Structure formats: structure tokens, C-alpha cells
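Start counting at 1 in the sequence shown, then tack on 4, and there's your number in our numbering. Heads up: the structure comes next, in C-alpha cells.
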Amino acid sequence: MEVESIKEYEKFGKIRIQRGVWPFRRLIDPSEEMEMEVERFLKKEKNRFNSIVQNTFDVDMDSAQKYEFYFVPSRVRRVSQDATVFRTNASATLLYLKANSLIYFETEYLFAINKGCGSSGDMLFYGGKDYALEEIYFNKITTVGAYHKEEMISIVSPGCSSSEARHTVSEDGFTIRAGENFKVLASEKYRSELNDARAAINNKISQINK
Numbered sequence: 005m006e007v008e009s010i011k012e013y014e015k016f017g018k019i020r021i022q023r024g025v026w027p028f029r030r031l032i033d034p035s036e037e038m039e040m041e042v043e044r045f046l047k048k049e050k051n052r053f054n055s056i057v058q059n060t061f062d063v064d065m066d067s068a069q070k071y072e073f074y075f076v077p078s079r080v081r082r083v084s085q086d087a088t089v090f091r092t093n094a095s096a097t098l099l100y101l102k103a104n105s106l107i108y109f110e111t112e113y114l115f116a117i118n119k120g121c122g123s124s125g126d127m128l129f130y131g132g133k134d135y136a137l138e139e140i141y142f143n144k145i146t147t148v149g150a151y152h153k154e155e156m157i158s159i160v161s162p163g164c165s166s167s168e169a170r171h172t173v174s175e176d177g178f179t180i181r182a183g184e185n186f187k188v189l190a191s192e193k194y195r196s197e198l199n200d201a202r203a204a205i206n207n208k209i210s211q212i213n214k
């Protein structure tokens, strides 16, 4: 996903990005707090996601086997772009398992942290308007495979120097191949639920193919 301009971002809160007293303030790594704020933001969007699904497909929300996954990188990326000091991305993936098919919903966001007043910065978001929404029949699924991707990014190193360092962030999840690949990503805390969802899909495929 590409962003044409920082002006397209919308503000949704503040986050601490500096420590100390002026003129001795130093930049700190807001990754842990940012991950919580982004996930809280995504969960607030869940009702909108469900409405999109229900307006497109016939889904009984009470009987469908539902899984929701949120992916936020473990560290925010250090950048130097005008007022922007950090960037990160995130995705939300919802699965609704029915008797013979599953509904797949996925959308992505970009997030930025701009310099603000004092020790806090402004959190901004862009995205969520484009999404993938498909009904995938279990008898059309050929494989459910693992997914792993690594990327090296610049971060603020721990300690008092606020210097930049390099860090590897990874994306983990699984893919559903049914003509094309449908990717399901999740943060580390959802690893157990990822395994449960993958097992449930494979079980449905086995039942259909008996």
C-alpha cells in the first residue's frame, strides 16, 4: 500500500516519543505502546469489518466459526521525513468458517508518528478502505501452507544515546491456496489461534473430500 501524502493521514491519538527535560530530551522507542494502540484501534474497527462481510455474503454470525487476527510489527520504523519520526503498518484478517466454505476478509493500514508538543507525538493512520473479501469453498483449496517473511528496518536503539540501529522484523502466518494465495498474518500473541484456525480449515477440507 502506498501513500501519496502525509496529509491523507488522520490523527487518532498521542503517544510519548521523548524522555527527559528540555533541552536534554531524547528520542525513545515507542514500539510497545504503539503496538497496543494500533491493536486497540483495529479492534474498534471490527464492527465495520463485520458489516462489510454481512452486506456482501450470507453469514450467520452465531453459527459460523470465527477467527480474527491482527498483525502489527514488533518494532516501529525510524524515519526522517519532515515531521514524521516513526512509521509502521498493520493488517486485520477475519475468517468465518461455514459448512462448505469460508469467508476471508483482509485489510491493511499504514501508521505514522509525527512530532508533537513536548514529549508526545501524534499518532496518525491511513488505510482500511481497500480490502480483500472472498468466499473460498473448501473443495477448491489445494494447500494451507506456512508463511514467513523478514525485513531489516531502522529503529531507535535501547539506552540513552537514541542512536539508530538495524533490526529484523518478521511476518508470520499461513496461506490458503485456492487458485490464488490468501494470506493470514498475526502477531506473535496469536500463534495458538493461528494454529487452531489452520487445523480447523484442514479438518473442513478433509470432511468435504471424504
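Glycine is no exception: its CB is placed at the ideal position from the N, C-alpha and C atoms. For clarity, every value in this text was computed on a predicted model and none was experimentally measured.
Proximity below 9 Å, CB of residue i to CB of residue j
{"i": "E110", "j": "S95", "result": "yes"}
{"i": "L189", "j": "F115", "result": "no"}
Cβ neighbours of residue i in the same chain (closer than 7 Å, five flanking residues each side left out)
{"i": "A68", "result": "Y100, L101 and K102"}
Residue i - DSSP class collapsed to helix/strand/coil
{"i": "I10", "result": "Any reading at I10 is ruled out, since the residue's pLDDT is 44, under 50, leaving its predicted position unreliable."}
{"i": "D86", "result": "coil"}
{"i": "A182", "result": "strand"}
{"i": "A169", "result": "strand"}
{"i": "E110", "result": "strand"}
{"i": "N213", "result": "coil"}
{"i": "M5", "result": "In this predicted model, M5 has a pLDDT of only 44, less than 50, meaning its place in the structure is not dependable; the value taken from the coordinates is given anyway. M5: coil per DSSP, three-state reduction."}
{"i": "D200", "result": "helix"}
Between the CA atoms of residue j and residue i - distance to the nearest angstrom
{"i": "Q22", "j": "V160", "result": "11 Å"}
{"i": "E197", "j": "F53", "result": "19 Å"}
{"i": "G177", "j": "K193", "result": "12 Å"}
{"i": "V7", "j": "Y135", "result": "Because V7 sits at a pLDDT of 44, beneath the cut-off of 50, its placement in the model cannot be relied upon, and the following sentence gives the value as read from the coordinates. Approximately 16 Å, taken between the alpha carbons."}
{"i": "Y13", "j": "Y113", "result": "10 Å"}
{"i": "Q211", "j": "I180", "result": "17 Å"}
Sequence-distant residues of its chain with Cβ nearer than 6 Å to residue i (five each side left out)
{"i": "K144", "result": "A182"}
{"i": "T97", "result": "F73, E110 and V188"}
{"i": "T172", "result": "E154 and M156"}
Three or more C-beta pairs under 8 Å: does that hold for the region 76–85 against the region 32–47?
yes
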